[in-house]
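>
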Amino acid sequence: MQTLLLWLFYISSFYAFIPGMISRIFGYRVFRKGTGRTEFALTFDDGPDPQYTPVLLDLLKRYGAKATFFVVGSHAESNPEIIRRMHEEGHLIGIHNYVHKTNWLMRPPTVKRQIQRTDDIIYSITGERSTYYRPPWGIVNLFDFSKRRQVQIVLWSAMFGDWKEKLGADRLTEKLISKLNPGEVMLLHDCGTTLGADPKAPEHMLIALERMLQEAERRGLRSIRIDDMIKRGQSSPIQRISFGKRLIVGLWLAWEQLFQLMFRLKTISPADPFLHYRIRKYQGGPVQMEGGERLSKGDKVIELHIDNRQLFELGMHSRSSAQLAIRMIRRMEKDMPVLAQRIAADVDLAEAKALYGVSMINRGPEKFGFMVLDLPNGWFARSTKFYLSILLSVIHPAGGARLKERSEVLVPKMMLMPVSQLLDQMNQQRPQKQAKPRERIREEEMTLEAELPAATVVH
-6 MQTLLLWLFY
4 ISSFYAFIPG
14 MISRIFGYRV
24 FRKGTGRTEF
34 ALTFDDGPDP
44 QYTPVLLDLL
54 KRYGAKATFF
64 VVGSHAESNP
74 EIIRRMHEEG
84 HLIGIHNYVH
94 KTNWLMRPPT
104 VKRQIQRTDD
114 IIYSITGERS
124 TYYRPPWGIV
134 NLFDFSKRRQ
144 VQIVLWSAMF
154 GDWKEKLGAD
164 RLTEKLISKL
174 NPGEVMLLHD
184 CGTTLGADPK
194 APEHMLIALE
204 RMLQEAERRG
214 LRSIRIDDMI
224 KRGQSSPIQR
234 ISFGKRLIVG
244 LWLAWEQLFQ
254 LMFRLKTISP
264 ADPFLHYRIR
274 KYQGGPVQME
284 GGERLSKGDK
294 VIELHIDNRQ
304 LFELGMHSRS
314 SAQLAIRMIR
324 RMEKDMPVLA
334 QRIAADVDLA
344 EAKALYGVSM
354 INRGPEKFGF
364 MVLDLPNGWF
374 ARSTKFYLSI
384 LLSVIHPAGG
394 ARLKERSEVL
404 VPKMMLMPVS
414 QLLDQMNQQR
424 PQKQAKPRER
434 IREEEMTLEA
444 ELPAATVVH
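Right, dumping it as structure tokens:
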């Protein structure tokens, strides 16, 4: 009996668990996130619902947003007029099985019949076949990968738990806006009748979604269909880089996420991240900065980090190093005033003596008042050059050729600027440090003594 259970475990892992993990983690043979500068994708599962889906369609129409609906075949069969309206209003209709049942519990021929039956229902209503498929709960089995020629499996990059009523509209709004970024594939639900969902949960989803669409409109972002996002991705310069470079970029971006968590980096503009920062102690040799200030070992500095994903996107969409530098300068111009405001409102940040950063892309910082200095020879300089050389060969428009042509000038540099200089440039002032309670009491006593010289104050 023990051997039989062990074999069942092996078979189920090979058939379901391992393929599911590979698709989720590595995106193997599935689409889960796009690229772009102003587009994201709204996707809705489990509908159509006769109560909530028409309200959702009204909302999308009001904001000019296009979405992708992965419909359950039995629900579509019962509500053909809603499917027809989705099609007429320009939304994409995808397949979500005929019944909402996991593929792990169905044999391959059964899954195939589920997909085909739902596709036939969509075709009978709209006159068009569907080639986009999202398995219930995003769970794929081994044989789902073989369907790639018939359907495109679509997962997601952001999920919010909106099928639970207890989440509430306010918390859901926060989660939606936190993931409102170009290229995101957002998963929401317009029906609450499936297993594990709350019947009234879509009410909160509709409230939160409208708030998010208002924020998207303010930022100049718009929702597009999944097929349009896939087409845009196929024409992206990112698709032209080799698998090896894509692997390096993937590891690089994963490392950045881990680094931000480990060192608790903060983002200057979370809605459009470009610069991250943290307070740390300076570990280098003494530096005489402009304005007469001296930076010594142990002084607090605000260490700046450029967002790696943004840097990669800028590099891939720039035709030359000059264009890349110009785009980076423009992004810095947006974030530096915000950073100055943060410092002026935060006593801890204002205690830092300088802004500090290390980069190989160091043409242009002087425009903002940075000093650009050579790193002292040593292990840190050599390891930093090796690390940044690999990354620059990936993100730079000229690739590795740029490193070969002008390797003598592509070295990591240290950039410094006194915090006081940034505040002066942005017409900001250092915040006044609040006196401690005992100090405030003493100040009041001294004032009283000055006003009443004949009085004696007992401590």
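Position 353 of the sequence shown, counting from 1, maps to 346 under the numbering used here, and the rest follow consecutively. Ideal placement from N, C-alpha and C gives every residue a C-beta, glycine not left out. Here the structure is a predicted model, which means the values were calculated and not measured.
1) Can A151 and E177 be called in contact, C-beta distance under 9 Å?
2) Can you name, in chain order, every residue of its own chain whose Cβ lies under 6 Å from the Cβ of Y3, other than the five neighbours on each side?
3) Under DSSP, the beta strand (DSSP E) around K54 begins and ends at which residues?
4) Give me whichever residues DSSP pairs with K274 in a beta bridge.
5) Pick out the complete beta strand (DSSP E) segments inside the region 311 to 356, 3 residues or longer, and give them in chain order.
6) Hey, out of R375, Q281 and A315, whose CA is closest to L366's CA?
7) Skipping 5 residues on each side, what residues in its chain have a beta carbon closer than 7 Å to that of E359?
8) For L24, which beta-bridge partners are listed by DSSP?
9) Does the structure place the region 294 to 314 close enough to the region 268 to 280 that three or more beta carbon pairs sit under 8 Å?
10) When the Cα atoms are used, what is the spatial distance from G350 to Y275?
11) Whole angstroms is fine: what's the gap from F7's alpha carbon to V133's?
12) For E210, collect the residues of the same chain with a Cβ closer than 7 Å to its Cβ; drop the 5 residues on either side in sequence, then sort them by chain order.
13) For a cutoff of 9 Å on Cβ pairs, would you count I319 as touching chain D?
14) May I have the straight-line CA-CA distance separating L307 from A347, to the nearest angstrom?
15) Below 8 Å on the Cβ atoms is my guess for L35 versus A60; work out the distance and round it to an integer in Å.
16) DSSP state of R395, grouped into three classes?
17) Is P279 near the ligand PLP, with its Cβ less than 8 Å from a heavy atom?
18) From I223 to V294, what does the alpha carbon distance come to, in whole angstroms?
19) Taking the alpha carbon of P263 as the reference point, which residue from E167, M255, G243 and I322 has its own alpha carbon closest?
20) Does DSSP put A194 in a helix, a strand or coil?
21) Taking DSSP as the reference, what is the three-state secondary structure of F256?
22) Tell me the rounded alpha-carbon separation between F10 and Q145.
23) How do the region 212 to 219 and the region 24 to 39 stand: do at least 3 beta-carbon pairs fall below 8 Å, yes or no?
24) Ordered along the chain, which non-local residues of its own chain (more than five positions away) have a Cβ less than 8 Å from that of Q334?
25) For F63, is the classification buried or exposed, using 16 other Cβ atoms within 10 angstroms of its Cβ as the cut-off for buried?
26) Judging by CA-CA distance, which residue of L148, A162, H197 and L214 is the nearest neighbour of P175?
27) Thinking C-alpha only, which one of L202, G371 and G284 is nearest K172?
28) How big is the Cα-Cα spacing for V23 and V147?
29) So, helix, strand or coil for D367, using DSSP?
30) Just to confirm my understanding: we take G83, look at its own chain, exclude 5 residues before and 5 after, and list those with CB closer than 7 Å. What are they?
31) Beta carbon of Y91, beta carbon of V65: below 9 Å?
32) Could you have a look at L214 and say whether DSSP puts it in helix, strand or coil?
33) Go to V104, then tell me how far its alpha helix (DSSP H) extends in each direction, as first and last residue.
34) As a quick exercise: from E196, K94 and G357, pick the residue whose alpha carbon is nearest that of R324.
35) Where do the ends of the beta strand (DSSP E) carrying L188 lie?
36) Assign Q414 to one of two classes, buried (16 or more other C-beta atoms within 10 Å of its C-beta) or exposed (fewer than that).
For this structure:
1) Counted from its first residue, the sequence shown places residue 151 at position 158. Counted from its first residue, the sequence shown places residue 177 at position 184. Taking 9 Å as the Cβ cut-off, A151 and E177 qualify as a contacting pair.
2) Numbered from 1 along the sequence shown, position 10 holds the residue referred to as residue 3. Per-residue confidence for Y3 stands at a pLDDT of 38, beneath the threshold of 50, marking its modelled position as unreliable; no derived number is given.
3) Looking up residue 54 in the sequence shown gives position 61. Premise fails: K54 lies in the alpha helix (DSSP H), T46 to Y56, not in any beta strand (DSSP E).
4) As a working mapping, residue 274 is identified with position 281 in the sequence shown. Looking at the DSSP assignment, K274 forms a beta bridge with K293.
5) 347 to 352
6) The residue labelled residue 366 in the question sits at position 373 within the sequence shown. It is Q281 whose Cα lies nearest to the Cα of L366.
7) Numbered from 1 along the sequence shown, position 366 holds the residue referred to as residue 359. Within the same chain, E359 has close Cβ partners V365.
8) What you label residue 24 is simply residue 31 of the sequence shown in a count that begins at 1. The sequence given here has Phe at residue 24, not Leu. Bridge partners of F24: V147.
9) yes
10) Locating residue 350 in the sequence shown gives position 357, where the first residue counts as 1. Locating residue 275 in the sequence shown gives position 282, where the first residue counts as 1. Each residue's Cα considered, the two are about 11 Å apart.
11) On the sequence shown, position 14 is the one that residue 7 refers to. On the sequence shown, position 140 is the one that residue 133 refers to. Interpretation of F7 is limited by its pLDDT of 44, a score under 50 that renders its predicted location unreliable; the figure taken from the coordinates is listed afterwards. Going from the Cα of F7 to the Cα of V133 covers about 11 Å.
12) One-based indexing of the sequence shown puts residue 210 at position 217. Closer than 7 Å at the Cβ level, and outside the excluded window around E210, lie Y56.
13) Absent from the structure is chain D; it holds one protein chain and no more.
14) The residue you call residue 307 lines up with position 314 of the sequence shown. The residue you call residue 347 lines up with position 354 of the sequence shown. Taking the straight line joining both Cα atoms gives about 27 Å.
15) The residue labelled residue 35 in the question sits at position 42 within the sequence shown. The residue labelled residue 60 in the question sits at position 67 within the sequence shown. Indeed they touch by this definition, with Cβ atoms about 4 Å apart.
16) Walking along the sequence shown from the start, residue 395 turns up at place 402. Reliability of the predicted coordinates at R395 is poor, the pLDDT of 46 falling under 50, and no value is obtained from them.
17) No copy of the ligand PLP appears in this structure; indeed no ligand is present at all.
18) Counting from 1 along the sequence shown, the entry for residue 223 is found at position 230. Counting from 1 along the sequence shown, the entry for residue 294 is found at position 301. Those two C-alpha atoms are separated by around 43 Å.
19) Reading the sequence shown from its first residue, position 270 is the one you call residue 263. Nearest option by C-alpha distance: E167.
20) Numbered from its first residue, the sequence shown carries residue 194 at position 201. Note: A194 maps to helix in three-state DSSP.
21) Locating residue 256 in the sequence shown gives position 263, where the first residue counts as 1. DSSP places F256 in helix when its eight states are reduced to three.
22) Taking the first residue of the sequence shown as 1, we reach residue 10 at position 17. Taking the first residue of the sequence shown as 1, we reach residue 145 at position 152. Note that F10 scores 49 on pLDDT, short of 50, meaning its location in the model is unreliable and no value can be drawn from it.
23) yes
24) Start at 1 with the first residue of the sequence shown, and residue 334 comes out as number 341. Cβ within range, chain order: M419 and Q421.
25) Position 70 of the sequence shown holds residue 63. That one is buried.
26) Within the sequence shown, residue 175 is the residue found at index 182, counting from 1. Ranking L148, A162, H197 and L214 by Cα distance to P175 puts L214 first.
27) Within the sequence shown, numbered from 1, the residue matching residue 172 stands at position 179. Of the listed residues, the one whose Cα sits closest to K172 is L202.
28) Locating residue 23 in the sequence shown gives position 30, counting from the first residue. Locating residue 147 in the sequence shown gives position 154, counting from the first residue. Between V23 and V147, the C-alpha separation is close to 6 Å.
29) On the sequence shown, residue 367 is found 374 positions in, with the first residue counted as 1. D367: strand per DSSP, three-state reduction.
30) As a position in the sequence shown, residue 83 is number 90, starting the count at 1. Excluding sequence neighbours, G83 sits near K59.
31) Translated into positions along the sequence shown, residue 91 becomes position 98. Translated into positions along the sequence shown, residue 65 becomes position 72. Yes, they are a contact pair.
32) Indexing the sequence shown from 1 puts residue 214 at position 221. DSSP places L214 in coil when its eight states are reduced to three.
33) As a working mapping, residue 104 is identified with position 111 in the sequence shown. From DSSP, the alpha helix (DSSP H) with V104 extends over P101 to T119.
34) As a first step, residue 324 must be located in the sequence shown, where it is residue number 331. Nearest C-alpha to R324: G357.
35) The residue labelled residue 188 in the question sits at position 195 within the sequence shown. No beta strand (DSSP E) contains L188, which DSSP labels as neither H nor E.
36) As a first step, residue 414 is located in the sequence shown; it is residue number 421 there, counting from the start. Looking at its Cβ environment, which holds 16 or more other Cβ atoms inside 10 Å, Q414 is buried.
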